[in-house]
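What the sequence shown shows, in mature numbering (1 follows the signal peptide of the UniProt record, and there is no 0), is residues -18 to -1, 1 to 378, in sequence order.
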Amino acid sequence: MRILAGIVAAALPGLAVGATQQRADVFVFQNKQQSASPERHSLPKEVARHILLQRTSRHRYGSDLRDIPSSFDSETVVEYIATYGRNPTPLFVEPDTIEAAQLVVILEGVTPQHTTQLERALGEEQQHTVFTISDPPSALANDRLMTLFKNLGISSASQCDVKSVINPSNMNCWDGPSSVVRYDLAKSPETFQVLLDNLSRLSKFVRVGDLEAVLVLMPESTRSSKLNDWSAAAGLAQSDLRRRGESETVIADETVSFPTSAPPTALDEGVVDDERPRPQKFKSAPQCFTTFNSCMAGTGNCTSHGQCVNKYGENSTNACFSCSCVPSIEGGEIFNQTIYWGGSMCQKKDISVPFWLLTGFTVTIVGVVTAAIGLLFSVGEEQLPGVIGAGVSRTK
C-alpha cells in the first residue's frame, strides 16, 4: 500500500502539470480600444472555431451554433464572437475604407516558456486581447481544421514564413483578404523567435488598420489529445456529406466550371487531377482584391467576360479591385445576340431583359384576350330593338 501511495503521489504532480498545459492561449490583435485589464475568458473549442471562421470568412458568416456545448447559450456565444471576432460590415452602407486583412497563425508545440516570452514581449500593448481554449484538441483536429480552410480557399497548400506572412501587401503570401498559416515549433523552433522579432511590425500593421491577427498557441501536451475534432457535430456532418457524395452529385450555385485549356491560376494550386482531365472549379470570388494581378488570377480573368477595375478610381490611394463585366456578342453575320453578365466573377448571365420582355409580352397578350372576350360578352348581352321591321313596308 505504501508503494502504491508513493506512485500515486508521484503521479499527481505530473497530472497537474499536464492539466495546466492543456490550456491554449489565443492572442487577438485588432485596432480596438481595450480596457487596461481585460478579463480572460475561457471558451470551449467549438466557440473558438466559430471565432476563427467568422474572422477568416470571405463572405458574411452565419451559423446556427448547434455544436456549442449545452453549458453555453447562443446569446453568450454571439457576444463572444462579437468581442473576439471582426467587426461586421454594415448591410446598406458603403464602407469608406477597405477592411483590414485577417490573419490566423496556429502555433503547435508551445511550451509555458513560449507563452511567458510572448506576454513579456507584448508588454503594455493595448491592441490585443487574450482568451483561452479550455479543451484544445489534438494535432489531428488541427489537420482537419486546415483542410476546412483549404476547402474554403483561405489556406493554400504552400505557406510563407511568419516574417513574410505578417505583411498583408505581400502578394506571394496573400491571395485574398484572409489567410491561415500553421507552424510546428517542434520542427522549426526558430519560428517563434522570428515572430517575437517581428511583433513591432505586426503591431504597426494593426495600428494603421491594414491587418488584424489571431495567434493560437497550442500546447505540446495537446498533440496526442483524444479530442480529434474542433467540433464533433461538424465532424459528423462532414462524414455524412462524404457518404452522400458516393451516391449523388451536389451542384452548387457558387461553383463555376472552366475549360481545361484555361491557363492555371493561383486557385489551381493543390488540386489533384486523376487520369481523365476534368474542368477546374473556382469558388465565388471575394468582394475586393488588393491588386489588379490578384484579382485577375483569383477570378480567372473575370471568366473572360470583363476586367478588374479599382472601385475607388485609378488615382485613388485605396485599392479595391473587382470585376467589371462587359457584354458579349454571339451569333452569325445576320442575327446577333448581346449577352450581359453579372456576378462577382462575371460568371452568370444577366437574363433580366429577356425576362421582362417575356413577362411584358405575356401580360399584354393576356390583357388583350381578356378585353376581347369581355367585349364579346358585353355585345351579346345588349337587347335587340323592339320593332325590327318598322322601316320595311309591304308592297301592294
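In this text, a Cβ means the ideal position worked out from N, Cα and C, and glycines have one as well.
Cβ-based neighbour list, residue i, same chain, cut-off 7 Å, excluding 5 preceding and 5 following
i      : result
Ser213 : Glu28, Arg31 and Asp49
Lys293 : Cys302 and Ser304
Cys328 : Cys284, Thr285, His287, Gly288, Cys305 and Cys307
Pro150 : Ala83, Trp156, Phe187, Asp192 and Leu193
Ile63  : His32, Ile33 and Gln36
Pro268 : Arg40, Gly158 and Pro159
Cβ neighbour criterion (16 or more within 10 Å) applied to residue i
i      : result
Gly362 : exposed
Ile88  : buried
Pro171 : exposed
Val163 : buried
Asn283 : buried
Gly295 : exposed
Ser39  : buried
Glu236 : At Glu236, the pLDDT of 40 sits below 50, so the modelled position is not reliable and the matter cannot be decided from this model.
Thr346 : exposed
Asp125 : exposed
Leu340 : exposed
Thr299 : exposed
Ser360 : exposed
Ala195 : buried
Leu357 : exposed
Phe317 : exposed
Phe337 : exposed
6 Å Cβ shell around residue i - same chain, five flanking residues per side excluded
i      : result
Arg5   : Thr114
Leu197 : Phe9 and Val87
His23  : Phe113
Gly325 : none
Met278 : Cys290
Leu127 : Trp212
Val176 : Val144 and Lys145
Leu134 : none
Assumed close pair residue i, residue j - CB separation to whole angstroms, cut-off 8 Å
i      : j      : result
Phe303 : Thr273 : 7 Å
Glu90  : Leu167 : 7 Å
Thr111 : Tyr66  : 7 Å
Glu202 : Val92  : 7 Å
Leu181 : Leu85  : About 13 Å separates the two Cβ atoms, so there is no contact after all.
Leu47  : Ser56  : 5 Å
Val190 : Tyr165 : Contact doesn't hold; Cβ gap of about 25 Å is too wide.
Arg183 : Ile148 : 6 Å
Same chain only: Cβ atoms within 8 Å of residue i, ignoring 5 sequence neighbours per side
i      : result
Leu209 : Lys27, Asp117, Pro118, Pro119, Ser120 and Ala123
Asn154 : Cys142 and Ser146
Pro309 : Thr320, Ile321, Tyr322 and Trp323
Gln365 : none
Leu199 : Ala6, Asp7, Val8, Phe9, Leu89, Val92, His96, Thr97 and Leu100
Val59  : Val29, His32, Leu47 and Ile50
Ile311 : Asn318, Gln319, Thr320 and Ile321
Among the options, the one whose alpha carbon lies nearest that of residue i
i      : options                           : result
Asp332 : Gly342, Ile321 and Ser326         : Ile321
Lys132 : Gly158, Phe337, Thr352 and Ile148 : Gly158
Ser161 : Lys169, Asn152 and Ile136         : Ile136
Cys290 : Asn300, Ser276 and Asn297         : Ser276
Asn69  : Glu81, Arg102 and Cys270          : Glu81
Arg102 : Lys169, Tyr165, Leu178 and Val144 : Leu178
Thr281 : Val59, Asn318 and Lys330          : Lys330
Leu130 : Thr58, Asp211 and Ser334          : Asp211
Phe174 : Ser207, Ser334, Ser140 and Pro94  : Pro94
Ser45  : Lys169, Ala215 and Leu25          : Ala215
Phe271 : Asn152, Gly342, Ser140 and Ala353 : Asn152
CB contact check: residue i to chain C, cutoff 9 Å
i      : result
Pro119 : Checking the listed chains, one finds no chain C in this structure; it contains a single protein chain.
What are the start and end residues of each continuous beta strand (DSSP E) run of 3 or more residues lying completely inside the segment 273 to 299, in chain order? With a minimum length of 3 residues, the continuous beta strand (DSSP E) runs that stay inside the segment 273 to 299 are 288 to 292.
Can you check the segment 113 to 174 for any beta strand (DSSP E) of at least 3 residues that lies completely inside it and give the ranges in chain order? For the segment 113 to 174, whole beta strand (DSSP E) runs of length 3 or above, ordered along the chain, are 160 to 166.
Taking the runs of the beta strand (DSSP E) that are 3 residues or longer, which of them lie wholly in the segment 300 to 332? The segment 300 to 332 contains these whole beta strand (DSSP E) runs: 303 to 307, 310 to 313, 318 to 324 and 330 to 332.
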